[in-house]
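Quick note: the sequence shown, position 52, residue 54 per the numbering used here, numbers continuous.
Here a beta-carbon is modelled for each residue, glycine too, at the ideal position from N, C-alpha and C.
Report on the structure given below.
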Amino acid sequence: MAVTIAESKLKHQRVLINGKDYYHEKRPQKQLEGPPLVKLMLVLLGPLMTPLANGYVLGVLNVIFLCQQWKDEFQLLPGVSLNLLTTGAGFGGLAGFCLHNLKRGTWERQDKSRLLIWGTWITLFGGCFQSLCLGYWSFFLARFLCGLGTYISNTAASGLLSELSPPKYKEHVETAYSILLPIGLLCGNSSDHTKPWRSLSAYQMVLPVLQLILICNSYIPSFKYLIYKGDVDNCRQLIERFQTSSRTSVDEQMAGLKMACTSNDYISPKELVCSGSTQKYIITGFILPFVCIHFGNGIILNIVAEALEFTYGLNTPQQQIVINLALLSYSLSAILIRKSSPSLSTHQHVLYSLLTTGLVTLSFVFTHGCLFVGTFSYDLTVFSISILAFTACAHITLIGLPTSYLSSWAPKHASTNLSTIIGMSSNFATLYNGFVNAWSMERYVWLEYSVTCLMGFIFLTLLTLFSATYKTRPLESL
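Given below as structure tokens:
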């Protein structure tokens, strides 16, 4: 059959080479296909298990201290010695934090998948060493390794998920990542303290082993690592396979990765401290998280827990379960409210989340009478559960307050170092809470100290609410 000139022009494309016309067949542009859902879930499941495993490692320690076998072997009275073991993981996290920020350039150039594997291995070794330790300092070293491993794995997993998650799933992945940590803490705090403490320590290795199997079987290098390495073609292929379905978005993401790898916005902590325009911001950024975390965790939760223990006879495992259930319900409420009403301000979002958590807790208690039949006595009133729920929500609100407040008026050179400043303050506050509490001080000294802190906290809260009614100029404009 003869082909007309019009049909030929539709099927062929004209190309001008050396002044002569040539025609070649038009090829349809290849449509990029997204990854199979099962393959994508296997790739993301390994990093997503990190907060669950880390939460269990951090939460199970409270149950281990209640085991009678552990008390008989170590014979430690409440005080500085016991608090040092409590803060062992905090020292490990602080060491990882310092290593990360002192060698930030080298850290950023490493493959986050390999860093995640290394952090998981360290956590696994710490749990194994803890189950076999025989002395005080060996137990402290085991907790130090667990803290170091959890920090490395958490930092690597959050960065890896932000790179590997497809745009349409990224918000869901971030939501799941934030919810899994309180679930891990809840699982650790609700463990059976009648079991041998070495068995509970060995259980810490289960999730890291599963995580290592998943990561090694579905290993994918981080995109920034490939850019730093110069393997641009392989990076593009991985983005086409796991990220998007159009070449335009692939080009945009490649350009963003190259810009992020060549950006010099980060300055060292030494240069940041020496900068006169950011010194006031650094002082505020260090003090505010310290005050919020110490008041929220070290003072408020301890005082309320003590009051409920004396009033209603609740012991530590029951308190931990209730507190973590309230934290989990608060996280779910905050996520649902944020998704349903994204136009709400930060204050409205926090207020609605607190009210929703309180209503859910009250309705649950009224319906069932108690949270766990056989675990709590029926003397546990609605009032005690409500206090614990709102206290836990206030605690998590205080922890998240510094980030939202400081990021709104950060100077240009300090905005990229915001996580460094808040992280250092948070680590020191956690260590401080481990030593300054009701178990390491005389009874009357602790009461005077806690009452003074509560009065100071109320004063700072009123001052913050009063100043929030006025618009504050950014620090860099002063």
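With fewer than 16 other Cβ atoms inside 10 Å of its own Cβ, R111 counts as exposed.
G128: member of the alpha helix (DSSP H) spanning K114 to L134, first to last residue. In the three-state reduction of the DSSP assignment, K197 falls in the coil class, being assigned neither a helical nor a strand state. According to the DSSP assignment, S140 belongs to the alpha helix (DSSP H) that extends over Y138 to L166. For G186, the enclosing alpha helix (DSSP H) covers residues P169 to N191. Boundaries of the alpha helix (DSSP H) harbouring L101: G90 to L104, taken from the DSSP string. Excluding five sequence positions before and after A204, the CB atoms of its chain that fall closer than 8 Å to its own CB belong to G129, C130 and S133, given in chain order. The three-state secondary structure of R238, taken from DSSP, is helix.
In this structure, L96 and A159 do not form a Cβ contact; the two beta carbons are roughly 19 Å apart against a cut-off of 8 Å. Taking the C-beta atoms as reference points, N85 is found nearer than 7 Å to F437. With fewer than three CB-CB distances shorter than 8 Å, the segment 132–148 does not count as touching the segment 172–180. Nearest Cα to N103 within the set I154, V293, P184 and F76: I154. Look at the segment 51–84 and you find these whole runs of alpha helix (DSSP H), each 4 residues long or longer: 70–76.
Taking each of I181, C100, A91 and L162 in turn and checking the Cα distance to I217, the smallest one comes out for L162.
It is roughly 26 Å from the alpha-carbon of F99 to the alpha-carbon of V45.
Check the Cα spacing between L240 and each of E165, P344 and T89: the tightest is with E165. Ranked by how close their Cα comes to the Cα of P198, the residues V211, C69 and G190 have C69 in first place. In this structure, G48 and S220 form a Cβ contact; the two beta carbons are roughly 7 Å apart against a cut-off of 8 Å. Taking all protein chains shown into account, M207 has 16 or more neighbouring C-beta atoms within 10 Å of its C-beta and is therefore buried.
Between the alpha carbons of W72 and V447 lies a gap of roughly 29 Å. For Y221, the secondary structure class from DSSP, reduced to helix, strand or coil, is coil. For F461, the number of other beta carbons within 10 angstroms of its own is below 16, and it is reported as exposed.
In this structure, DSSP gives S345 a state outside helix and strand, which the three-state scheme calls coil. Here R340 carries a helix assignment [DSSP, helix/strand/coil].
Straight-line spacing of the CA atoms in G57 and A91 works out to 12 Å. Under a 10 Å Cβ-count criterion, Q213 is classified as buried, with 16 or more other Cβ atoms of the shown protein chains found around its own Cβ.
In this structure, the straight-line span from the alpha carbon of V62 to that of I185 is close to 12 Å. Excluding sequence positions up to five before and after S83, its CB lies within less than 8 Å of the CB of Y138, all in the same chain and listed in chain order. Shortest Cα-Cα distance from H195 to any of S335, T454, E444 and I66 involves I66.
In this structure, the straight-line span from the alpha carbon of L338 to that of Y179 is close to 15 Å. Counting the other CB atoms within 10 Å of its CB gives S343 a total below 16, which places it among the exposed residues. Here G94 has F146, G149 and L150 as same chain residues with Cβ atoms under 6 Å from its own Cβ, once five neighbours each way along the sequence are excluded. In terms of Cβ geometry, S335 and P223 do not form a close pair [threshold 7 Å].
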